[in-house]
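Counting from 11, one number per residue, gives the positions in the sequence shown under this note's numbering.
So the structure is just underneath, and the comments pick up after that.
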Amino acid sequence: MKVINILCETMRLIGREDAADETENGTPTDGAARLKRALLTYLNAVLDELARGYFPLDTEEEMSAVDGVYPFASFLKTPYKINRVTDGEKAIEWHISPDYLHAEAEKVTVFYEYLPPALEEEDEFFYPVFAVGARLVEYGIAAEYFLVAGDGSAYSAWESKYRNEIETLLSRSSVRGRIPPRRWI
Numbered sequence: 011m012k013v014i015n016i017l018c019e020t021m022r023l024i025g026r027e028d029a030a031d032e033t034e035n036g037t038p039t040d041g042a043a044r045l046k047r048a049l050l051t052y053l054n055a056v057l058d059e060l061a062r063g064y065f066p067l068d069t070e071e072e073m074s075a076v077d078g079v080y081p082f083a084s085f086l087k088t089p090y091k092i093n094r095v096t097d098g099e100k101a102i103e104w105h106i107s108p109d110y111l112h113a114e115a116e117k118v119t120v121f122y123e124y125l126p127p128a129l130e131e132e133d134e135f136f137y138p139v140f141a142v143g144a145r146l147v148e149y150g151i152a153a154e155y156f157l158v159a160g161d162g163s164a165y166s167a168w169e170s171k172y173r174n175e176i177e178t179l180l181s182r183s184s185v186r187g188r189i190p191p192r193r194w195i
């Protein structure tokens, strides 16, 4: 499913059938184009929130540097949380500076959580955690739309659907040694 399809479906969810039709036909008016750009921004914000708080994306990467300085720009993905650094099988000490990771080894394996790349409207929708699908993201986009629009009751309704869907998905998965935000309440 392409991102544009998710945006059009969200337009229908929020009652903007006209904008969805114009976008699908390839003839969006200025208003529909602005709405599409706004919803794309909300989609990327929802994916960021899901990765940071509920369905983390983790990976490991082998790196090498003569001076033990590993710039974040050289990571394959955008890290936001370093979990562990090893030299072979042995865990080593490390610290973070604003632009790099410093470890006292020339070759390390970094285990970290990362943020998904920002999607554009022609991209194929994909979230590495299988449980996260288009419906969950559409609910989150709709909630963001009504929050920004200042419609408190519609925001509450869509936010409730979004949070309930997250809770349903989390209840089916293992906690993996961490408690997601507000899950303990």
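In this text, a Cβ means the ideal position worked out from N, Cα and C, and glycines have one as well.
Since the model is a prediction, treat every value here as computed from it, not as a measurement.
Beta-carbon spacing of residue i, residue j below 8 Å
i: Ala55; j: Glu177; result: no
i: Glu32; j: Ala42; result: yes
i: Glu169; j: Ile16; result: no
i: Ala205; j: Leu45; result: Since the displayed the chain opens at 11 and closes at 195, residue 205 lies outside it and no answer follows.
i: Val118; j: Met73; result: yes
i: Leu146; j: Val13; result: no
i: Tyr122; j: Pro81; result: no
Residue burial classification, residue i (beta-carbon count within 10 angstroms, cutoff 16)
i: Val120; result: buried
i: Val76; result: exposed
i: Arg182; result: exposed
Rounded straight-line distance, which links the Cα of residue j to that of residue i
i: Leu23; j: Tyr64; result: 24 Å
i: Asp58; j: Pro126; result: 7 Å
i: Ala144; j: Glu134; result: 11 Å
i: Trp104; j: Phe85; result: 16 Å
i: Ile195; j: Tyr124; result: Confidence at Ile195 is low in this model, with a pLDDT of 49, below 50, so the placement of that residue should be treated as unreliable; the coordinate-derived value is given next. The alpha-carbon atoms of Ile195 and Tyr124 are separated by roughly 26 Å.
i: Glu116; j: Gly78; result: 5 Å
Proximal residues to residue i (C-beta, below 7 Å), its chain only, five neighbours per side dropped
i: Tyr52; result: Ile151, Glu154 and Tyr155
Three-state secondary structure (DSSP) of residue i
i: Ala144; result: helix
i: Ala128; result: coil
i: Met73; result: strand
i: Ala115; result: coil
i: Lys87; result: coil
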